[in-house]
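Asker: Just dropping this structure here.
Numbering (my numbering), first residue to last: 439 to 833.
Structure follows, in structure tokens:
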């Protein structure tokens, strides 16, 4: 019997914004709808609905349209993340570990690469049939997963972009690959965050290590040569030594010397800054269309400072924002650059031709928002679950 038949359990899978995302959760409310859905799981009348294909930033992704499917996938994700499995470390933990390795007194080679078309290359049915997955899913849940992931239609069907369960199944699928790389001779540090891979090695040939890692990948997967880069972490004075990983930029400012702790700077990566600028652009573009100042203000508050919300998976409050996702920054240069860009967009909105979108008072209020100040002071803002969904919808 699946736990989804328990109304009390299925209520823990409900999110505050479900009534905005799913039509079948609006009439009676998400919790009441979930309780009614529990009876369908109990008597096995639940049938997964076809997923919907959407285009998100030029990439084809899938999303569920049925509230029952959403609750089922949340349950599967919770189950797959439970127990004694390898849980990938968070960005914060990876950054701290990497910082400790880079501050040593030994020169290293650093290899940055990623798995080409990761989800599109991992076979869904093979992932579901892994012993670590089968032991966690009930037989009826396993069959529902096969239907939802379209394994019955195509045995070679890959995992889908857009479904949360895809990342969890990929973690199980790549667990053995991770163990092989970690145990490889010459690998001092290894990290994989979804498909982004970083290796620190003291071997004489970084290329040889790269080839060994590529051979360890499961059949059908390959490393992306075009996105592979190598860096010799040795002298930051004669050569600018810098690399980016997970939104961070690691910079060597001195020469690595024996018995001396190496000095490094950690800043926001250029790619992360560009991503935030693009989000700011979407926020102001949406404001030009809807003229909703309060929504504009809340979206800018969310981007500059972040918020705190409740996680259904960890059953505790989690922080969202630059301060929580990138807490190890020592160089705030790119945050100051974002402040300048934000205030430029605010001034442009307040002086837009003969019909300004912002009043003087509104402009002054928005100009108090700052990426750098919010980061230094750990400023956060409160939003209800429904409001947070509206704030994040533009992204």
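Heads up, the beta-carbon is just placed ideally off N, CA and C, and yes, glycines get one too.
1) Which residues does DSSP pair with residue 784 in a beta bridge?
2) Taking residue 587 as the reference, which of 528, 548, 542 and 510 has the closest Cα?
3) So residue 743 and residue 822 are supposed to be a Cβ contact under 8 Å. How far apart are they, rounded?
4) Excluding the 5 residues preceding and the 5 following residue 445 in the sequence, name in chain order all residues of the same chain whose CB lies nearer than 6 Å to its CB.
5) Which residues bound the alpha helix (DSSP H) around residue 533?
6) Give the secondary structure of residue 764 by DSSP, where H, G and I count as helix, E and B as strand, and everything else as coil.
7) Just verifying my parser: in three-state terms, what is the DSSP assignment at residue 758?
8) Is residue 802 buried or exposed, if buried means 16 or more other CB atoms sit within 10 Å of its CB?
9) I'd like to confirm the pairing. Which residues does DSSP put opposite residue 551 in its beta bridges?
10) How far does the beta strand (DSSP E) with residue 803 in it extend, from its first residue to its last?
11) Is residue 513 buried or exposed, if buried means 16 or more other CB atoms sit within 10 Å of its CB?
12) Since residue 583 and residue 568 are thought to touch, with beta carbons under 8 Å apart, how far apart are those beta carbons, to the nearest angstrom?
13) Which one of 826, 703 and 693 has the shortest CA to CA distance from residue 745?
14) If you count every other CB in all the chains shown that lies within 10 Å of the CB of residue 620, and 16 or more means buried, which is it?
15) Taking the straight line between their C-alpha atoms, what separation do you get for residue 596 and residue 659?
16) If you drop the 5 nearest sequence neighbours on each side, which residues of the same chain put their C-beta closer than 6 Å to that of residue 665?
17) Among 828, 698 and 487, which residue has its Cα nearest to the Cα of residue 732?
18) Contact defined as beta carbons within less than 8 Å: I believe residue 706 pairs with residue 772. What is the distance between those atoms, to the nearest angstrom?
19) Please state if the CB of residue 700 and the CB of residue 490 are separated by a distance shorter than 7 Å.
20) Between residue 469 and the rest of its own chain, which residues show a CB-CB distance below 7 Å, the 5 nearest in sequence each way excluded?
21) Cβ atoms of residue 500 and residue 598: under 7 Å apart, would you say?
22) List the residues that DSSP assigns as beta-bridge partners of residue 714.
23) Scan the segment 722-752 and note each continuous beta strand (DSSP E) run of 3 residues or more that stays entirely inside, going in chain order.
24) Do you know offhand how far residue 669's Cα is from residue 662's?
25) Ordered along the chain, which non-local residues of its own chain (more than five positions away) have a Cβ less than 6 Å from that of residue 683?
26) Return the bridge partner residues of residue 701 from the DSSP annotation.
27) To the nearest angstrom, how far is the alpha carbon of residue 593 from that of residue 755?
28) Between which two residues does the alpha helix (DSSP H) harbouring residue 586 extend?
29) Quick check on residue 706: does DSSP put it in helix, strand or coil?
30) Exposed or buried, residue 833, counting other C-beta atoms within 10 Å across all chains shown (16 or more means buried)?
31) Can you round the beta-carbon distance between residue 787 and residue 722 to whole angstroms, since I take them to be within the 8 Å contact cut?
32) Check whether the segment 455-463 and the segment 477-485 are in contact - that is, three or more C-beta pairs closer than 8 Å.
33) Under the three-state reduction of DSSP, which class applies to residue 626: helix, strand or coil?
34) With H, G and I counted as helix, E and B as strand and the rest as coil, what does DSSP make of residue 446?
Answerer: On the basis of the supplied data:
1) The partner list for residue 784 (beta bridge, DSSP) is empty, contrary to what the question assumes.
2) 510
3) Contact flag wrong, Cβ pair sits at about 16 Å.
4) 473 and 476
5) 529-540
6) coil
7) Strand, per DSSP.
8) exposed
9) 635
10) From DSSP, residue 803 is part of no beta strand (DSSP E) but of the alpha helix (DSSP H) over 798-805.
11) buried
12) Going by Cβ atoms, the distance from residue 583 to residue 568 rounds to 12 Å, so no, they are not a contact pair.
13) That would be 826, whose Cα lies nearest to the Cα of residue 745.
14) exposed
15) 11 Å
16) 552
17) Minimum Cα distance to residue 732 is reached at 828.
18) 4 Å
19) no
20) 449 and 452
21) The Cβ-Cβ distance between residue 598 and residue 500 falls below 7 Å.
22) DSSP output for residue 714 lists no bridge partner at all.
23) 745-749
24) 17 Å
25) 636
26) Paired residue(s): none; residue 701 is not in a bridge.
27) 40 Å
28) 577-586 is the extent of the alpha helix (DSSP H) around residue 586.
29) strand
30) Residue 833 should be labelled exposed.
31) 6 Å
32) Flag = no, the segment 455-463 and the segment 477-485 do not touch.
33) strand
34) helix
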